[in-house]
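Colleague:
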Amino acid sequence: MLRVGINGYGTIGKRVADAVRAQPDMAVHGVGKRSADYVAIGAAEKGYDLYVTDQASVDDFREVGIEPAGTVDALVAESDVVIDATPAGVGADNRPLYERHETPAVFQGGEDATIAEVSFNARANYDEAEDAEYVRVVSCNTTGLSRFLAPLQEHYGVEKARVTLVRRGGDPNQTGRGPINDAVPDPVSIPSHHGPDVQTVFPALDIDTIGLKVPTTMMHVHAINVTLETEPADETQVRDLLQGEDRLLTIPEYSDIDGAGTLKDFALDAGRPRGDIWENCLWEESITLRGRDLYCMQAIHQESDVVPENIDALRALTGHLTASESRSITNETLGISFGRLRDRKDLTADRQTAD
Ligand code: NAD
Numbered sequence: 044m045l046r047v048g049i050n051g052y053g054t055i056g057k058r059v060a061d062a063v064r065a066q067p068d069m070a071v072h073g074v075g076k077r078s079a080d081y082v083a084i085g086a087a088e089k090g091y092d093l094y095v096t097d098q099a100s101v102d103d104f105r106e107v108g109i110e111p112a113g114t115v116d117a118l119v120a121e122s123d124v125v126i127d128a129t130p131a132g133v134g135a136d137n138r139p140l141y142e143r144h145e146t147p148a149v150f151q152g153g154e155d156a157t158i159a160e161v162s163f164n165a166r167a168n169y170d171e172a173e174d175a176e177y178v179r180v181v182s183c184n185t186t187g188l189s190r191f192l193a194p195l196q197e198h199y200g201v202e203k204a205r206v207t208l209v210r211r212g213g214d215p216n217q218t219g220r221g222p223i224n225d226a227v228p229d230p231v232s233i234p235s236h237h238g239p240d241v242q243t244v245f246p247a248l249d250i251d252t253i254g255l256k257v258p259t260t261m262m263h264v265h266a267i268n269v270t271l272e273t274e275p276a277d278e279t280q281v282r283d284l285l286q287g288e289d290r291l292l293t294i295p296e297y298s299d300i301d302g303a304g305t306l307k308d309f310a311l312d313a314g315r316p317r318g319d320i321w322e323n324c325l326w327e328e329s330i331t332l333r334g335r336d337l338y339c340m341q342a343i344h345q346e347s348d349v350v351p352e353n354i355d356a357l358r359a360l361t362g363h364l365t366a367s368e369s370r371s372i373t374n375e376t377l378g379i380s381f382g383r384l385r386d387r388k389d390l391t392a393d394r395q396t397a398d
């Protein structure tokens, strides 16, 4: 059993902790927490051992009935590997702590790529993390783009990718973020940082990205145009290729899922924890081919798409399973399977034919 310490128990950290707990080959050793707030109480109620960032805050935790198991320093020393899910930039400050204890670590996409030997996506470059001590799971948007581009790159080659990212203003719990009534080019300069970030996974890829922020907390939406090197036979061939990807949910027309709101509703109806959608959500009708130019639109659930990638990064780093073994265990244990919307329709059609 791999003992995993989760340092930073916020939007990403709490989801990764629950995902680690669901794995047969790893366990949550404890979670690093800074303040004795509602999230700390939730962690304690789930049975996670809490390690405080600052010894001085121990009394604050005791006042709300939580006895800390130790400090983050102890958490790092006792863990086989750490997931650093602290806010962007704090991971870099934490790296010396991991080095001191010789504990390998998985950082998040808010950190600069130079923090780790590998910028990681389980679909695109799992094997590159095998001998690494530090890995960075790329951001939610870069994860979504890497998953989408990897099969296209393998089957047709990508001459040029152009992506407009319509980004959520903040997460649902980020009450101070905006815009609250605007659509803001962000950044106004081109390319946005997303293109170069995708190149940390695909160094030779030609990609330009444009970003803007809008007043929603639900999901990001990508409008994509990829010029392929080889022309596909037809749209169906491309659709079949993308449908074969385990972490790409293709949304069929019949489902009436018309945006991030219905996607979240669908996820909640399906009993997904926190309404999470770990897969890219790709509208099937948007897949359009004009010669070698492919167009489509996908939604990305920013709070959760990196969660399975973190689990796979843990296995890649510790080198005990291959990419396909790890991905299939992660998919199975988390329940990444409602990409089967299409199968459901096919099954219905089969039943009707049989009748
Ligand atoms: P968050 O603010 O929700 O959570 C961070 C947690 O770390 C909080 O609980 C905070 O109290 C705690 N913390 C702060 N300083 C700490 C310290 N010194 N030591 C330990 N804990 C500390 O942040 P998040 O959204 O979960 O983001 C974490 C990382 O994941 C960032 O790099 C971010 O860019 C990346 N990421 C975020 C999203 C997203 O949409 N939220 C998506 C993908 C990647």
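Using our numbering, the first residue of the sequence shown is number 44, and each one after it goes up by one. From the three backbone atoms N, C-alpha and C, an ideal C-beta is built for every residue, glycine too.
What I want to know is whether the C-beta of TYR52 ends up closer than 6 Å to one or more non-hydrogen atoms of ligand 1.
Modeller: Indeed, a heavy atom of ligand 1 lies less than 6 Å from the Cβ.
Colleague: Go through its chain and collect everything with a Cβ distance to LEU284's Cβ below 7 Å, but skip five positions before and after it.
Modeller: Correct list, in chain order: PRO194, HIS198.
Colleague: May I ask you to check if the CB of GLY219 is nearer than 6 Å to at least one heavy atom of ligand 1?
Modeller: No, the beta carbon of GLY219 sits no closer than 6 Å to any heavy atom of ligand 1.
Colleague: Looking only at its chain, what residues have a beta carbon closer than 6 Å to the beta carbon of ILE250, apart from the 5 residues adjacent to it on each side?
Modeller: Hits under 6 Å: ALA204, GLY238, VAL241.
Colleague: Please list, in chain order, all residues of the same chain as ALA356 whose beta carbon is under 8 Å from its beta carbon, the five residues on each side excluded.
Modeller: If we look at ALA356 and ignore the five residues flanking it on each side, its Cβ neighbours are VAL149, PHE163, ALA165, ALA172, VAL178, VAL180.
Colleague: Taking the alpha carbon of HIS476 as the point to measure from, which residue in TRP321, GLU88, GLY362 has its own alpha carbon closest?
Modeller: Any property of residue 476 remains undetermined from this structure, which presents the chain solely from 44 to 398.
Colleague: Evaluate contact between the segment 266-279 and the segment 200-215, counting only Cβ atoms and requiring at least three cross-stretch pairs below 8 Å.
Modeller: With the cut-off at 8 Å, the segment 266-279 and the segment 200-215 touch.
Colleague: Checking contacts by CB at 7 Å: is VAL227 closer than that to chain B?
Modeller: Among the protein chains of the structure shown there is no chain B, as only one such chain exists.
Colleague: State the Cα-Cα distance for the pair ALA117 and ARG282, rounded to the nearest angstrom.
Modeller: Roughly 49 Å between the two C-alpha positions.
Colleague: Is LEU291 closer than 7 Å to ILE300 when the C-beta atoms are compared?
Modeller: In this structure, LEU291 does not lie closer than 7 Å to ILE300 by Cβ.
Colleague: Work out the CA separation of VAL95 and VAL119 for me, nearest whole Å.
Modeller: Taking the straight line joining both Cα atoms gives about 12 Å.
Colleague: Per DSSP, which one or two residues make a beta bridge with MET261?
Modeller: DSSP lists no partner for MET261.
Colleague: Among the residues of its own chain, which have a CB less than 7 Å from the CB of ARG315, if the five just before and after it don't count?
Modeller: Around ARG315: no qualifying Cβ.
Colleague: Do you know how far the Cα of PRO67 is from the Cα of LEU377?
Modeller: Whole-angstrom Cα-Cα distance: 11 Å.
Colleague: Going by alpha carbons, who is nearest to ALA135 out of GLU145, GLY153, GLU121?
Modeller: When only C-alpha atoms are compared, the closest one is GLY153.
Colleague: What's the C-alpha gap between ARG138 and ASP170?
Modeller: Going by the C-alpha atoms only, they are around 23 Å apart.
Colleague: What residue from ALA131, GLY53, ALA65 has the CA that sits closest to TYR81's CA?
Modeller: Of ALA131, GLY53, ALA65, the residue nearest in Cα terms is GLY53.
Colleague: Report the partner residues of PRO246 according to the DSSP bridge assignment.
Modeller: Bridge partners of PRO246: none, in fact.
Colleague: Any heavy atom of ligand 1 inside 6 Å of the beta-carbon of CYS13?
Modeller: With the chain running from 44 to 398 in the structure shown, residue 13 is simply not present.
Colleague: Give me the residue from ILE84, THR129, ILE109 with the minimum Cα distance to VAL59.
Modeller: For the residues ILE84, THR129, ILE109, the minimum Cα distance to VAL59 belongs to THR129.
Colleague: In terms of residues, what are the limits of the beta strand (DSSP E) holding ARG46?
Modeller: That run of the beta strand (DSSP E) goes 45-50.
Colleague: Report whether the distance from the Cβ of ARG58 to the nearest heavy atom of ligand 1 is below 6 Å.
Modeller: The answer is no for ARG58.
Colleague: With which residues is THR252 paired in a DSSP beta bridge?
Modeller: VAL206, per the DSSP bridge assignment.
Colleague: May I have the straight-line CA-CA distance separating THR243 from ILE223, to the nearest angstrom?
Modeller: Distance between the alpha carbons of THR243 and ILE223 is about 32 Å.
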